[in-house]
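Undergrad: The structure under discussion is supplied below as structure tokens; questions concerning it will follow.
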Amino acid sequence: MGYTISLVEGDGIGPEQALATREVLAEVDRVYGLSLTIVPVEAGDRTLRTHGQALPDKSRDVIKKSDCCLKAPVGESAADVIVRLRKELVLYANIRPAKSHPNVPSLNPHIDLVIVRENTEDLYAGLESGDDEMATATRAISRRASERIAKYAFDLARERRKTVTAIHKANVMKKTDGLFLSACKDVASKYHDIGFSDMLVDAAAMNLIRNPQQFDVLVTTNMFGDILSDEAAQVAGGLGIAASANIGDDFAIFEPVHGSAPDIAGTNTANPTSLLLSAAMMLDWLGRRRHDERAFQASHALHDAIDGCLANREVTRDLGGSLGTLEMGRAVARRFKELS
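When you number the sequence shown by numbering that gives the first Met the number 0, it's gap-free, plus one each residue, and the end is 339.
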């Protein structure tokens, strides 16, 4: 059994993060024998300049033929890459963990939550019209998509602390958020082993700061999820350690949350943790999809290796260390080998 991973190296700091992550994945492969084949894919601003398209057909084909995709940050053309892929591949679940890590300043040392965000509709569907004087946006919320994302959240909660909180604004948006909340309650009625509650989005934003450890799995609509997941990442230590996944029934793309940081591109100072944690999420997903215990174990070991480097300050300067991007990747690879 082997895996083909398409790798979008991206723009700005993306290629440096990708290089560090490839060294780590090479060590993962040597230790666990996963037979990982990494296939670089052109996409992003550089590709737009050279090929006239941010996501050429050849790149799309390579991604679709791979087992999954690992994507470094893309610049100004990000919407033409990731948003397009989310739609074409029906990656309806955006998964954003927020977790406290050693030696990473956070508002609370016990944060361990996941935001499950519906990824296909809401205001982000782009149903807008208007002119310079008046513009409107249509918020589309369907029962099918709401039930689908709620089911994903409840299945995930079964593997964690067995609690789901639905985030909404049904007291004001009675039709759209009312439908979303109704769908979540219907799904909750089928999961008797999972605790369920709901919370208004403004209260959730406050409680992510005041009491983030109360949350386990939060499920919400597209725009609320986008905003709350950035807040949760900052509460847990910042976007530099924030990983994410875009998951559908048959495919998944794993990527950092942050942008391409062109101001520090090429300086070997970027923190690679976000892409490394995204790679760990990727290994976990592959293990689940293929029932591959080796991939599961590799994911856990990679998490431990990253936390080991954070605990010992074998990290980049933004995290209080002195290593460069590639050097931190190599430090994680060494710890991975020692732990495995």
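For every residue, glycine included, the Cβ atom is placed at its ideal position computed from N, Cα and C.
Which residue comes first and which comes last in the beta strand (DSSP E) that contains Ile-252?
TA: What you label residue 252 is simply residue 253 of the sequence shown in a count that begins at 1. Unbroken beta strand (DSSP E) run through Ile-252: 251-255.
Undergrad: Taking DSSP as the reference, what is the three-state secondary structure of Val-103?
TA: Along the sequence shown, one-based indexing puts residue 103 at 104. Coil at Val-103, not helix or strand.
Undergrad: Ala-152 to Val-163, Cα distance in whole Å?
TA: On the sequence shown, residue 152 is found 153 positions in, with the first residue counted as 1. On the sequence shown, residue 163 is found 164 positions in, with the first residue counted as 1. Rounded to whole angstroms, Ala-152 to Val-163 spans 7 Å at the Cα level.
Undergrad: Check whether the Cβ atoms of Leu-282 and Ala-264 lie closer than 8 Å to each other.
TA: Along the sequence shown, one-based indexing puts residue 282 at 283. Along the sequence shown, one-based indexing puts residue 264 at 265. No, the pair does not count as a contact, with Cβ atoms beyond the cut-off.
Undergrad: Between the C-alpha atoms of Arg-147 and Lys-57, what's the straight-line distance to the nearest angstrom?
TA: As a working mapping, residue 147 is identified with position 148 in the sequence shown. As a working mapping, residue 57 is identified with position 58 in the sequence shown. Taking the straight line joining both Cα atoms gives about 31 Å.
Undergrad: Would you identify the three-state DSSP class for Tyr-2, choosing helix, strand or coil?
TA: For this step, residue 2 is matched to residue 3 along the sequence shown. Looking at Tyr-2 - three-state DSSP - the assignment turns out to be strand.
Undergrad: Nearest by alpha-carbon distance to Ala-77: which of Lys-64, Asp-248, Cys-68, Leu-54 is it?
TA: The count along the sequence shown starts at 1 and reaches residue 77 at position 78. When each option's Cα is compared against that of Ala-77, the closest is Leu-54.
Undergrad: Measure the CB-CB distance between Ile-226 and Thr-175 and report whether it falls below 8 Å.
TA: On the sequence shown, residue 226 is found 227 positions in, with the first residue counted as 1. On the sequence shown, residue 175 is found 176 positions in, with the first residue counted as 1. In this structure, Thr-175 does not lie closer than 8 Å to Ile-226 by Cβ.
Undergrad: Restricting to runs no shorter than 4 residues, where is the alpha helix (DSSP H) found entirely within the region 216-298?
TA: The qualifying runs are 221-234, 272-289.
Undergrad: I'd like the span of the beta strand (DSSP E) that includes Met-198, first residue to last.
TA: By 1-based counting over the sequence shown, the position of residue 198 is 199. Looking at the DSSP string, the run of the beta strand (DSSP E) that includes Met-198 is 194-199.
Undergrad: When DSSP labels each residue in this structure, what does Thr-137 get in the three-state scheme?
TA: For the purposes of this step, residue 137 is taken as residue 138 along the sequence shown, with counting starting at 1. Thr-137 falls in the coil class under three-state DSSP.
Undergrad: Which parts of the region 42-72 are runs of the alpha helix (DSSP H), unbroken and 4 residues or longer, counting only runs that do not cross its ends?
TA: With a minimum length of 4 residues, the continuous alpha helix (DSSP H) runs that stay inside the region 42-72 are 44-50, 56-64.
Undergrad: Could you pull the start and end residues of the alpha helix (DSSP H) that Gly-328 belongs to?
TA: By one-based count along the sequence shown, residue 328 stands at place 329. Gly-328 -> alpha helix (DSSP H) spans 324-338.
Undergrad: Taking the beta strand (DSSP E) that Pro-39 falls in, what are its first and last residues?
TA: As a working mapping, residue 39 is identified with position 40 in the sequence shown. Segment 35-40, the beta strand (DSSP E) holding Pro-39.
Undergrad: Ends of the alpha helix (DSSP H) at Glu-15?
TA: To locate residue 15, count along the sequence shown from 1; it is residue 16. Counting along the chain, the alpha helix (DSSP H) containing Glu-15 begins and ends at 13-31.
Undergrad: Among Asp-306, Leu-318, Gly-320, which residue has its Cα nearest to the Cα of Ala-332?
TA: Numbered from its first residue, the sequence shown carries residue 332 at position 333. Nearest option by C-alpha distance: Asp-306.
Undergrad: Considering only their Cβ atoms, is the gap separating Ile-37 from Ile-12 smaller than 8 Å?
TA: Numbered from its first residue, the sequence shown carries residue 12 at position 13. Numbered from its first residue, the sequence shown carries residue 37 at position 38. No, these two residues do not count as a Cβ contact at 8 Å.
Undergrad: What is the DSSP secondary structure of Arg-116, reduced to helix, strand or coil?
TA: Residue 116 sits at position 117 when you count from the first residue of the sequence shown. Arg-116: strand per DSSP, three-state reduction.
Undergrad: Is the beta carbon of Ile-240 sitting closer than 8 Å to the one on Val-30?
TA: Mapped onto the sequence shown, residue 240 falls at position 241. Mapped onto the sequence shown, residue 30 falls at position 31. Contact flag unset, no.
Undergrad: Residue range of the alpha helix (DSSP H) that Gly-177 falls in?
TA: On the sequence shown, position 178 is the one that residue 177 refers to. 175-187 is the extent of the alpha helix (DSSP H) around Gly-177.
Undergrad: Across which residues does DSSP place His-167 in a beta bridge pair?
TA: Indexing the sequence shown from 1 puts residue 167 at position 168. Note: His-167 sits in a beta bridge opposite Leu-199.
Undergrad: When the Cα of Asn-170 is compared with those of Leu-199, Asp-249, Leu-35, which residue comes out closest?
TA: Taking the first residue of the sequence shown as position 1, residue 170 is located at position 171. Cα-wise, what sits closest to Asn-170 is Leu-199.
Undergrad: Based on Cα-Cα distance, which residue from Thr-315, Arg-138, Glu-132, Leu-112 lies nearest to Leu-122?
TA: Numbered from 1 along the sequence shown, position 123 holds the residue referred to as residue 122. Measuring from the Cα of Leu-122, the nearest candidate turns out to be Arg-138.
Undergrad: Could you have a look at Asp-358 and say whether DSSP puts it in helix, strand or coil?
TA: No statement about residue 358 is possible, as the shown extent of the chain runs from 0 to 339 and does not include it.
Undergrad: I believe Leu-309 touches His-100 by the beta-carbon criterion, under 8 Å. Please report the beta-carbon distance rounded to the nearest angstrom.
TA: As a working note, residue 309 is residue 310 in the sequence shown. As a working note, residue 100 is residue 101 in the sequence shown. The pair is a contact, with the Cβ atoms about 5 Å apart (cut-off 8 Å).
Undergrad: For the region 232-246 against the region 35-52, are there 3 or more C-beta pairs whose distance is under 8 Å?
TA: No, the region 232-246 does not touch the region 35-52.
Undergrad: On the CB-based measure, 16 or more other CB atoms within 10 Å of its CB, does Ile-252 come out buried or exposed?
TA: Start at 1 with the first residue of the sequence shown, and residue 252 comes out as number 253. The residue is buried, with at least 16 neighbouring Cβ atoms inside 10 Å.
Undergrad: Taking 8 Å as the threshold (C-beta atoms), are Ala-71 and Gln-16 in contact?
TA: Counting from one through the sequence shown, the residue named residue 16 turns up at place 17. Counting from one through the sequence shown, the residue named residue 71 turns up at place 72. Yes, the pair counts as a contact, with Cβ atoms nearer than the cut-off.
Undergrad: Check the DSSP bridge columns for Lys-98 and list the partner residues they point to.
TA: For this step, residue 98 is matched to residue 99 along the sequence shown. Its beta-bridge partners are Asp-111.
Undergrad: Quick one: using the 10 Å Cβ neighbour count with 16 as the cut-off for buried, is Ser-188 buried or exposed?
TA: For this step, residue 188 is matched to residue 189 along the sequence shown. Classification of Ser-188: exposed, given that the 10 Å Cβ count is below 16.
Undergrad: Around the Cβ of Val-89, are there at least 16 other Cβ atoms within 10 angstroms (buried) or fewer (exposed)?
TA: Counting from one through the sequence shown, the residue named residue 89 turns up at place 90. Answer is exposed; the Cβ neighbour count stays below 16.
Undergrad: Secondary structure at Tyr-128, three-state DSSP: helix, strand or coil?
TA: What you label residue 128 is simply residue 129 of the sequence shown in a count that begins at 1. Here residue 128 is Ser; the residue named in the question, Tyr, does not match the sequence. Strand at Ser-128.
Undergrad: Counting along the chain, where does the alpha helix (DSSP H) carrying Lys-150 start and finish?
TA: Locating residue 150 in the sequence shown gives position 151, counting from the first residue. Where Lys-150 is concerned, the enclosing alpha helix (DSSP H) stretches over 142-157.
Undergrad: Taking its Cβ as the centre, do 16 or more other Cβ atoms sit within 10 Å of Lys-64, making it buried, or is it exposed?
TA: Along the sequence shown, read from residue 1 onward, the residue named residue 64 stands at position 65. Result: exposed.
Undergrad: Do Arg-312 and Thr-268 have their CB atoms nearer than 8 Å?
TA: For this step, residue 312 is matched to residue 313 along the sequence shown. For this step, residue 268 is matched to residue 269 along the sequence shown. It is not a contact, given that the beta carbons lie outside the stated cut-off.
Undergrad: Taking the Cβ atom as the reference point for each residue, do Phe-335 and Glu-120 lie within a distance shorter than 8 Å?
TA: For the purposes of this step, residue 335 is taken as residue 336 along the sequence shown, with counting starting at 1. For the purposes of this step, residue 120 is taken as residue 121 along the sequence shown, with counting starting at 1. Not closer than 8 Å, so no.
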